[in-house]
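Undergrad:
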């Protein structure tokens, strides 16, 4: 009876998590499995559920799309530039913040504010800040306006309009990605710094170590698990860039509606807007999943050699 009672007790525990497990199956596991299946259904029509056959046609359609290489390039560049930059800046800001005692809580609150804002809204604000109003002739005659950022720095650069270069548009997106990624990274790293034993810093002072040596030889190794976590999750989020770009450039993800700043996620949404594009969207999603898995695996392998637990 006692054994039976223990089994009943365990069953009751399963019953408590059953509602959450059901929701997880409906909204997570089922979409993942369905995406894998749909990716191999060629010419799949979501309206009537018909498809021509099973094969790799959707993957071929996605890879040979005129916008695919552009979107792949943008996705990789955004991730590989914004993630290291935001992580390094977050580390420096966290170290500076940890050394400030007066109004430390106030500074923390101010730095965390961007994390609470809506990505689309802030994207629209960035677009307004970098936008240039007027044609080239109007700007030459002083009838147009170069926008807030150009006026601040005394520059005449087309950032997000039809005359903008690819590099200029990328800079705007990367600035946004770095800015929006800072708050969470600062919060995590600042918390990690609070757990560092101060005796290590005292020993470094006795040995005559300067601030840079202390940061590189003591602080970074001791909080390396948190840095590794932020880098891995940052790359995962970086490969899924979409909302901010739509906020800045609109649904076509570019001033000339040619997906100049498009990403893989943007390409997936493009396919989803087509009656028979669900299969191609699923294939593109699996390609993105594969990229994320590859770079996550590489990051984890590097972490095993560089992270000190």
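In the numbering used here, the protein residues as written are 646 to 954.
Just so it is clear, CB atoms sit at the ideal spot from N, CA and C, and this is done for glycine as well.
1) Indicate the three-state DSSP secondary structure (helix, strand or coil) for residue 726 in the structure shown.
2) Would residue 751 be called buried (16 or more neighbouring beta carbons within 10 Å of its own) or exposed?
3) Taking only runs that begin and end inside the stretch 743 to 795, name each unbroken alpha helix (DSSP H) of 4 or more residues, in chain order.
4) Check whether the Cβ atoms of residue 857 and residue 937 sit closer than 9 angstroms, and answer yes or no.
5) Measuring straight from C-alpha to C-alpha, what distance separates residue 943 and residue 825?
6) Going straight from the alpha carbon of residue 652 to that of residue 659, what length do you get?
7) According to DSSP, simplified to helix, strand and coil, what is residue 698?
8) Taking only the alpha-carbon atoms, compute the straight-line gap between residue 647 and residue 676 and give it to the nearest angstrom.
9) Can you find a heavy atom of the ligand MG that lies under 8 angstroms from the Cβ of residue 822?
10) Evaluate the contact criterion for the stretch 793 to 801 versus the stretch 696 to 708: three or more CB pairs, one atom per stretch, below 8 angstroms.
11) Once the 5 residues before and after residue 827 are set aside, which same chain residues still bring their CB inside 8 angstroms of it?
12) What separation, rounded to the nearest whole angstrom, lies between the Cα atoms of residue 829 and residue 931?
TA: Short version:
1) The answer is helix: DSSP assigns residue 726 an H, G or I state.
2) Answer is exposed; the Cβ neighbour count stays below 16.
3) 749 to 757, 764 to 775 and 781 to 785
4) The answer is no: Cβ separation not under 9 angstroms.
5) 25 angstroms
6) Note that residue 652 has pLDDT 49, beneath the 50 cutoff, so the model's placement of it is unreliable and the number below is only indicative. If I take the Cα positions, the gap works out to 11 angstroms.
7) Residue 698 falls in the strand class under three-state DSSP.
8) Any reading at residue 647 needs caution, since the residue's pLDDT is 47, under 50, leaving its predicted position unreliable; the model's value is listed next. One C-alpha to the other measures close to 42 angstroms.
9) Questions concerning the ligand MG fall outside what the structure shown contains, since it holds no ligand whatsoever.
10) no
11) 731, 734, 735, 738, 756 and 759
12) Across the structure, residue 829 and residue 931 are spaced so that their CA atoms are roughly 28 angstroms apart.
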